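S.K.:
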Ligand code: THU
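Residue numbers (my numbering): 1153 to 1286.
(1) Mind checking whether residue 1185 and residue 1215 have CB atoms under 7 angstroms apart?
(2) With DSSP run on the structure shown, which of helix, strand or coil describes residue 1162?
(3) In terms of residue numbering, what span does the beta strand (DSSP E) encompassing residue 1263 cover?
(4) Look up residue 1233 in the DSSP assignment and give the residues it is bridged to.
(5) Would you mind giving the Cβ-Cβ distance between residue 1204 and residue 1195, rounded to the nearest angstrom? I have them listed as a contact below 8 angstroms.
(6) Alpha carbon to alpha carbon, how far is residue 1243 from residue 1266?
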């Protein structure tokens, strides 16, 4: 199976576990890291609405907790009427762990619909290398 197909299946699986009682909008995300592992995340809402966390943020946390550092590909899936693109905050979160080749796939119940470089969706990401003290 191609890696993107695997990402789609994993994102669909985790999407079912999303905790979205307020919006009723379930989102799943799956990352293929540069290091060669798959990580998943789903949205987790909260009765205090702004405390909710997007699926992409969950997948990124899982990748970092798993010891990997860079996102090679990230796929986001929902099944609304419109395709769900990562929100602005999540694009910035992805940018933190991206390379010039990081790809974002956008999918719905029918399959993968769009493929973009992160650079296309967030061409001027805030990335001040000078702030890194490593
Ligand atoms: N959501 C995500 O998980 N990812 C996105 O890229 C867009 C929005 C979630 C947040 C909230 O739980 C629900 O979708 C409705 O906004």
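Virtual Cβ for every residue (Gly too), placed ideally from N, Cα, C. Only a predicted model underlies this, so the values are computations on that prediction, with no experimental measurement involved.
M.R.: Let me lay it out:
(1) yes
(2) helix
(3) 1263–1269
(4) Residue 1233 is not bridged to any residue.
(5) 7 angstroms
(6) 16 angstroms
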